[in-house]
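Novice:
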């Protein structure tokens, strides 16, 4: 008997005329037209650790795929290889934090949010320990399918008291967040872009600097306000450039800190007259930035026209990342197209 | 080395008398609430007496003294037993005994780090203590501290995969400052632990994972003391585990004889009777 949900695997396929390689897990995220920075997290952590002896690094067999190998090579006596064992990765980080260290523990976002959740909740968050959990492959950043696509991690961690949650947009966000989260006295979950990471935000706003807990306008616009986080801020900025050609003026408010949410800035911008407000996130539309913003605005009596861009409530397809970003509406073209359709 | 800091402050009692005091305090707390994990508390009292009055180094007046040996209670529901020994050791005030499990008490039913002096971690989500102990043992080595980390866990926690992740990790990182204490009373929520998951020869299993392993009768005080000494003084770089076979409700024969379950039922009038039975057996 074939389950209906599995029947598709018996349909034969043709070889396509144009071949598109699936994205390997080590692939860097492509963003056309921007300079890139190699391993911004690894280098920033080394800089930070040189100034603060309490910092140690741990990985569950994914140091190379989270850029922590840069730290491991620079400071081998401060790096712990924990093996393919996410539960002890997290509980050991808790123990190190308890002994006065600032552990940076890395793995993929799926493994931290799904497998190690109880350990993050009870060993780290409940005791408000300063452990930092840094996770690659957030949302839809691999074509490997649901086993590696952390599409609901923000929803999972938003419900966890004490947890600070960051979804950085680019190499500069990542480099600047490292010393700030190291200095933060509580636990942090940060999504990570690794490898060659584009430098985007300062191209659009040269004096932009990541500030923990702050949302910041990257560009102003009269017609539409996009409130975005993570790599969707890149997409929103490029979509805004495209829409400017159609005489649609799009503002972009970048919200790298998902929790605690900068409600004051978000509410103030959303209340500015008559703009369509669109949230954009590399995450399921359930329980992420969009719903957080909607709840914050509604409780303050601010009710603009409101739309959400994010991943559907589905297990996503495997395939090539650009195809998937188009299919699920995260590409620049799809973002621009949907905003046009809503005007 | 142990207890040097307590000289003159706590009367010089034998370990058997300490264990008796721990049992008595646990029964008094059980009486306050009319319930509690009294079977486990009575069973582990000898191990706790030997740990706190023979093996561990600590300062009752400064529970967070940097040089202390760390004692982690992975099994949060054993809190009643740990509160008893913390009172006996002078870390918790005995006059708070009757607040056990009440609103605003510092002694909640399941142990939590933020409530109780001397409670190092929040246990209760079983299978977490040993992993946290691994991280603390790593941290102590980084600080070149001679302190040990003790993790008290239950036989039921041998069923958690995270226990074995931590067991491998402790060997990988040569944590000879880590001592795991397993209370083997063969009783978990649904019945006998050995009937729930095939844990096999538990001592051989720990040895196969690379640990210095011992298994002794956890209600035989000289054997418990000898095992703790052997664990602390083992010459190699392995982490150490002691499996203690214990008898639930030890010290109160009419409860020992009862059909033993994870949550031993004690009728309201039986707390006083249990205390009376215990009184008769005060060790000389």
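Chains as they are written, first to last, in this note's numbering: chain L, 201 to 543; chain A, 23 to 306.
The beta carbon of each residue, even a glycine, is placed where N, CA and C say it ideally should be.
Since we're looking at a predicted model, the values are computed, not measured.
Is there a C-beta anywhere in chain A that falls below 8 angstroms from the one on residue 319 of chain L?
Specialist: Answer yes: the Cβ-Cβ gap between residue 319 of chain L and chain A drops below 8 angstroms somewhere.
Novice: Compute the Euclidean distance between the alpha carbons of residue 3 of chain A and residue 262 of chain A, then round it to the nearest angstrom.
Specialist: This structure leaves residue 3 of chain A out entirely; chain A is present only between 23 and 306.
Novice: Would you call the CB atoms of residue 352 of chain L and residue 315 of chain L closer than 8 angstroms?
Specialist: Cβ distance not < 8 angstroms, so residue 352 of chain L and residue 315 of chain L don't count as in contact.
Novice: In whole angstroms, what separates the C-alpha of residue 535 of chain L from that of residue 409 of chain L?
Specialist: When rounded, the distance between both Cα atoms is 25 angstroms.
Novice: Which two residues bound the contiguous beta strand (DSSP E) that contains residue 57 of chain A?
Specialist: It is not in any beta strand (DSSP E) - residue 57 of chain A carries neither H nor E in the DSSP assignment.
Novice: In the DSSP assignment, what residue or residues form a beta bridge with residue 172 of chain A?
Specialist: BP columns for residue 172 of chain A point to A/93 and A/201.
Novice: Between residue 368 of chain L and residue 430 of chain L, which are expected to be in contact by the criterion C-beta below 8 angstroms, what is the C-beta distance as a whole number of angstroms?
Specialist: Right, their Cβ atoms sit about 7 angstroms apart.
Novice: First and last residue of the beta strand (DSSP E) that includes residue 426 of chain L?
Specialist: 424–428 is the extent of the beta strand (DSSP E) around residue 426 of chain L.
Novice: I need the straight-line Cα distance from residue 241 of chain A to residue 204 of chain A, nearest angstrom please.
Specialist: The alpha-carbon atoms of residue 241 of chain A and residue 204 of chain A are separated by roughly 13 angstroms.
Novice: Report yes if the CB atom of residue 258 of chain L is closer than 8 angstroms to the CB atom of residue 289 of chain L, and no otherwise.
Specialist: Going by C-beta atoms, residue 258 of chain L is nearer than 8 angstroms to residue 289 of chain L.
Novice: What three-state label does DSSP hand residue 390 of chain L in the structure shown?
Specialist: Here residue 390 of chain L sits in strand by DSSP.
Novice: Would you report the Cα separation of residue 163 of chain A and residue 88 of chain A, rounded to the nearest angstrom?
Specialist: Looking at the two C-alpha atoms, the distance is approximately 13 angstroms.
Novice: Residue 542 of chain L to residue 521 of chain L, Cα distance in whole Å?
Specialist: Cα to Cα, the separation comes out at about 26 angstroms.
Novice: Measuring CB to CB, does residue 271 of chain A end up less than 8 angstroms from residue 64 of chain A?
Specialist: A contact, by the Cβ cut-off of 8 angstroms.
Novice: Where residue 39 of chain A and residue 111 of chain A are concerned, what is the direct C-alpha to C-alpha distance, given to the nearest angstrom?
Specialist: Distance between the alpha carbons of residue 39 of chain A and residue 111 of chain A: 13 angstroms.
Novice: According to DSSP, simplified to helix, strand and coil, what is residue 263 of chain A?
Specialist: Three-state DSSP puts residue 263 of chain A in a strand.
Novice: Let me make sure I understand the geometry here. Which of L/264, L/382, L/407 and L/270 has the alpha-carbon closest to that of residue 337 of chain L?
Specialist: Looking at the Cα atoms, L/264 is the closest of the given residues.
Novice: Step through the CB atoms of chain A and report whether any lies within less than 8 angstroms of the CB of residue 414 of chain L.
Specialist: No, its Cβ sits nowhere closer than 8 angstroms to a Cβ of chain A.
Novice: Does the Cβ of residue 26 of chain A have 16 or more other Cβ atoms within 10 Å, making it buried, or fewer, making it exposed?
Specialist: With a pLDDT of 40 at residue 26 of chain A, under the threshold of 50, the modelled position of that residue is not reliable, and no figure is offered here.
Novice: By Cβ distance, which residues of its chain are closer than 8 angstroms to residue 384 of chain L, with the 5 residues on each side in sequence left out?
Specialist: Contacts found: 330, 364 and 412.
Novice: Count the C-beta pairs between the segment 120–137 of chain A and the segment 149–158 of chain A that are closer than 8 angstroms, then say yes if the count reaches three, no if not.
Specialist: Short answer: they don't touch.
Novice: In terms of residues, what are the limits of the alpha helix (DSSP H) holding residue 248 of chain L?
Specialist: Looking at the DSSP string, the run of the alpha helix (DSSP H) that includes residue 248 of chain L is 240–251.
Novice: For residue 205 of chain L, which of L/335, L/361, L/515 and L/297 has the nearest alpha-carbon?
Specialist: Out of L/335, L/361, L/515 and L/297, L/515 has the C-alpha closest to the C-alpha of residue 205 of chain L.
Novice: For residue 141 of chain A versus residue 197 of chain A, is the C-beta spacing smaller than 8 angstroms?
Specialist: No, the Cβ-Cβ distance between residue 141 of chain A and residue 197 of chain A is not below 8 angstroms.
Novice: By alpha-carbon positions, which one of A/293, A/304 and A/299 ends up nearest to residue 59 of chain A?
Specialist: Nearest C-alpha to residue 59 of chain A: A/293.
Novice: Would you list the one or two residues that DSSP bridges to residue 259 of chain L?
Specialist: For residue 259 of chain L, which the question treats as bridged, DSSP gives the partners L/281 and L/306.
Novice: Whose Cβ in chain B lies nearer than 9 angstroms to the Cβ of residue 298 of chain L?
Specialist: In the structure shown, chain B does not exist; the protein chains are L and A.
Novice: Can you find a C-beta in chain A that's less than 8 angstroms from the C-beta of residue 285 of chain L?
Specialist: So, interface residue.
Novice: Against residue 165 of chain A, what residues of chain L qualify as contacts under a CB-to-CB distance less than 8 angstroms, listed in chain order?
Specialist: In chain order: 299 and 300.
Novice: Where do the ends of the beta strand (DSSP E) carrying residue 454 of chain L lie?
Specialist: Per DSSP, residue 454 of chain L belongs to the beta strand (DSSP E) from 450–454.
Novice: To be precise: take each residue of the segment 174–198 of chain A, compare its Cβ to all Cβ atoms of chain L, and keep it if any distance is under 8 angstroms. Which residues remain?
Specialist: So the close ones are 183, 184, 187, 188, 190, 191, 194 and 195.
Novice: Since residue 326 of chain L meets chain A, which of its residues come closer than 7 angstroms, beta carbon to beta carbon?
Specialist: Within 7 angstroms Cβ-Cβ: 144.
Novice: What number of angstroms, rounded off, separates the C-alpha of residue 259 of chain A from the C-alpha of residue 523 of chain L?
Specialist: Rounded to the nearest angstrom, the two C-alpha atoms are 53 angstroms apart.
Novice: Taking contact to mean at least 3 C-beta pairs separated by less than 8 angstroms, is the segment 174–192 of chain A in contact with the segment 87–101 of chain A?
Specialist: These segments touch.
Novice: What does residue 96 of chain A touch in chain L if you count any residue whose Cβ is under 9 angstroms from its own?
Specialist: Near residue 96 of chain A there are no residues of chain L at all, since even the closest Cβ is about 10 angstroms away, more than 9 angstroms.
Novice: Could you tell me if residue 484 of chain L is buried or exposed, where buried requires 16 or more neighbouring beta carbons within 10 angstroms of its beta carbon?
Specialist: Label assigned to residue 484 of chain L: buried.
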